[in-house]
Structures are given as structure tokens and as C-alpha cells.
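Going by our numbering, the residue at position 330 of the sequence shown is 330; the numbering climbs one at a time, nothing skipped. Everything below concerns the one structure shown next.
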Amino acid sequence: MSAQGIRPAISRRHLIRTGAAAALVAASGLALRAEPGPSGVLRLAAPGRLPGPEGANGVLGRLVAPGSVFDCLAEIGPDGGLMGELAESWEPQNGGAVWAVTLRDGAEFHDGRSFQADDAVVSLRYHMAAAADRLGIVSVRKAKRLQIVITLEAPDPGFPFLLSDPSLMMLPADDPVGALRHGIGTGLYRIKDAHTGMRLERVAAHYKDGRAGWFEALELVGIEDAKERTRGLLAGRFDAVAAPDPGVQRKHGGKQRFIDVATPSRRHLQIRCRGDNAGPLAAALKLGLDRYAVLNEFLGGRGRVAGDTPISSEPPEQDTARARYLLAKAGVDRA
């Protein structure tokens with residue numbers, strides 16, 4: 001089930017940058033398709049001070065992280081669907097407890113090094129060290145130059161969605177910490193200047209050419225005061241601002257018109273069953289759960305009912321009688 005408009009948490013289900021950051025990233029990426037090639041400079045102002053690239057918290061940090069300077073193995077497309085980024089494909093093995101991930105050939109880091117399996121393995125291990133409890137990954141190994149094998153704690157048909165988590169950015173194997181500090185990724189933009197502001201310049205040739213990265217450069221400025229950000233927009237110093245001040249907007253509403261852009265977050269909500277009764281309980285939930293009731297009553301109608309795996313776009317048909325039968329057959333009366 002995908003949900004929109006829910007306040008994000010730093011968790012395993014945090015699959016995409018949120019709020020104003022998502023709107024601004026969309027402006028530099030997949031949402032714009034009108035121009036034949038990159039041109040112009042997009043000037044952005046957002047709350048917070050300019051962090052180092054490793055500071056991926058807050059709006060500016062999310063802009064510097066996946067979507068601009070760094071890439072992940074997968075990404076959430078503009079339609080909310082899962083698509084490959086640095087991964088070309090993924091195949092489940094052993095009932096979804098093991099995943100073979102084939103990597104994109106030809107992707108390069110900003111220093112000219114080719115992205116390969118060693119980089120993916122080291123990157124995932126680096127992130128596992130910081131968040132092993134929420135990733136559910138037991139091991140990662142290299143199978144081929146452009147293929148890795150990931151073993152999970154338990155079968156998970158939705159695992160590929162996790163590969164789009166913005167925190168799982170891919171880094172060079174020899175120095176992942178240094179790459180975060182200096183902004184050496186495989187993304188559409190490289191960091192040019194981070195002193196008076198942060199300027200990101202478009203990579204000359206990139207595997208996303210023709211479908212993303214429609215500006216020659218992005219200029220980011222961190223301004224805490226919402227009124228100051230909004231006045232800068234009114235004065236023409238910025239092309240877009242995150243979280244503008246409504247009062248300043250209303251005061252100048254008669255002189256200029258603005259478009260408010262809000263991009264709700266999209267993520268995949270999962271129910272994972274553990275313990276002795278995990279198998280029959282999961283099978284019963286799959287058939288018996290009223291997903292539309294969850295969407296409308298629990299999530300307030302914000303989102304849409306989706307499939308159970310990255311392959312299926314539609315949920316299975318609800319069958320409560322079959323669900324009760326599965327539980328009774330397994331002797332499950334409490335979970």
C-alpha cells in the first residue's frame with residue numbers, strides 16, 4: 001500500500017525525500033520534460049544552514065543527497081512506481097530471502113571511477129553498520145563485476161523498495177566516508193562551491209540524460225527565516241523557496257502571482273509477520289485485510305492501494321473466508 005501525505009519517520013519504510021525537498025528535487029529531475037537539454041540555473045532557498053554532503057538531514061541535505069549528487073540502487077519514479085537507478089534489475093531467490101541485483105554498466109563517480117559491484121557491497125555494508133536493525137540484511141557479497149547478492153533475515157517480496165531509501169546512497173569502495181564529506185557520487189550534479197552558498201553543476205554526460213537534470217546548475221542558499229526567504233523570492237533573488245511565509249505572500253499577493261508546489265511523500269507500507277505463525281498469518285492477511293478500509297480510515301484517504309511486490313501493481317482480491325480457513329488450518333487463534 002502506498003501512502004501520501006503522512007509525516008515521514010526515519011525508518012525502513014522511508015523511501016523518498018519528503019515535503020519541500022521532494023518538490024525541489026522534482027524541479028531538477030524527473031518532473032521536467034519540456035526542454036531538449038540542460039539550460040539555466042535554478043536558484044533555491046530552504047530552511048537550515050548549508051551542511052556538508054554527509055548532513056542529509058533537512059531540506060538542503062536531501063537536495064545534496066539522492067536526486068542530485070548521489071544515487072541509490074533504485075528510485076521512486078514520478079508516478080510513485082519503483083524503477084532502477086544504479087541497479088538495472090533484481091531477481092528473488094530462495095522465496096525472496098535472497099536477491100541478486102544486477103548493476104548498471106557505464107555509471108561513473110564524479111572523479112571518473114566506474115561504479116561496480118565492489119562499490120555497492122561496501123556502500124551497503126557501510127549503511128548496515130549504522131542501521132542494521134532496520135534494514136533486515138544479513139550479508140552482501142559480490143557475485144560478478146556488475147552483480148551483487150543480498151541475503152535477508154527473512155523472505156521479503158517488497159525488498160527492492162528498500163533499495164530506493166535515500167539513506168542508502170552508493171559510494172566508492174575505497175573511501176565511502178570521504179566521498180560523503182566531499183560529495184563524490186554518481187548523481188546528475190557535482191558540488192562546485194560550498195562556501196558562500198552551494199552550487200551544483202550538471203555532469204556533462206550522465207546515464208539519466210534525456211529524462212532528468214534539466215538545469216545547468218543549482219544554487220542553494222540556507223536561510224532560517226521564512227520571511228527572509230519569501231522576500232528573496234519576491235525580489236527575484238530566488239526562483240523557488242521551501243516553506244514560504246504565508247503572511248508575506250498575502251501582503252504581496254496583489255503585485256505578483258506565485259505557484260505553490262507540494263509533493264507529498266510516497267512510501268510503501270508493509271506488514272511483516274514474525275514468529276512461529278508468521279507464514280499462515282501473512283497468507284491470511286494477504287487475502288483478508290481490507291486495504292481500502294486501512295487507506296480511508298487509518299490514512300484518511302491519502303494514497304492509493306498498491307500491489308504487494310515491485311512486480312505486481314494490483315493487490316490480490318480480498319477473500320475473508322479463505323483467510324479464516326488458512327488461520328484455522330494452521331491452528332492460529334492469536335497473533
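Every residue gets a Cβ at the ideal spot worked out from N, C-alpha and C, and that includes glycine.
Check whether the Cβ atoms of residue i and residue j lie closer than 9 Å to each other.
i: P244; j: A217; result: no
i: L295; j: P316; result: no
i: H110; j: G178; result: no
i: V69; j: F215; result: no
i: D119; j: M170; result: yes
i: V138; j: V149; result: no
i: L44; j: A97; result: no
i: R190; j: E219; result: no
Can you give me the C-alpha to C-alpha distance between residue i and residue j, rounded to a whole angstrom?
i: K142; j: P176; result: 17 Å
i: A330; j: A293; result: 26 Å
i: G247; j: R113; result: 49 Å
i: Y207; j: L162; result: 22 Å
i: E91; j: A46; result: 39 Å
i: G158; j: E75; result: 14 Å
i: P160; j: A306; result: 15 Å
i: E147; j: A117; result: For the record, residue 147 in the displayed sequence is Gln; it is not Glu. Whole-angstrom Cα-Cα distance: 6 Å.
i: G67; j: P172; result: 17 Å
i: L188; j: G81; result: 21 Å
i: A242; j: R211; result: 24 Å
Nearest by alpha-carbon distance to residue i: which of the options is it?
i: T186; options: L86, R324 and V149; result: L86
i: N94; options: G67, P155 and M83; result: P155
i: D276; options: A130, L327, E219 and G301; result: L327
i: T102; options: K192, V122 and E88; result: E88
Is it right to say residue i is buried, meaning 16 or more other beta carbons lie within 10 angstroms of its own, or is it exposed?
i: R324; result: exposed
i: R33; result: With a pLDDT of only 38 at R33, under the threshold of 50, the placement of this residue in the model should not be trusted, and no figure is reported.
i: F298; result: exposed
i: D290; result: exposed
i: D333; result: exposed
i: D174; result: exposed
i: T230; result: buried
i: I223; result: buried
i: A240; result: buried
Inset, instruction - With a floor of 3 residues, list each beta strand (DSSP E) that falls wholly inside the stretch 164–240, ordered by position along the chain. - result: Within the stretch 164–240, the beta strand (DSSP E) runs of at least 3 residues that lie entirely inside it are, in chain order, 189–193, 198–202 and 217–222.
Legend entry - Every unbroken alpha helix (DSSP H) inside the stretch 80–120 [4 residues or more]: When DSSP assignments are scanned along the stretch 80–120, no uninterrupted stretch of alpha helix (DSSP H) that is 4 or more residues long falls wholly within it.
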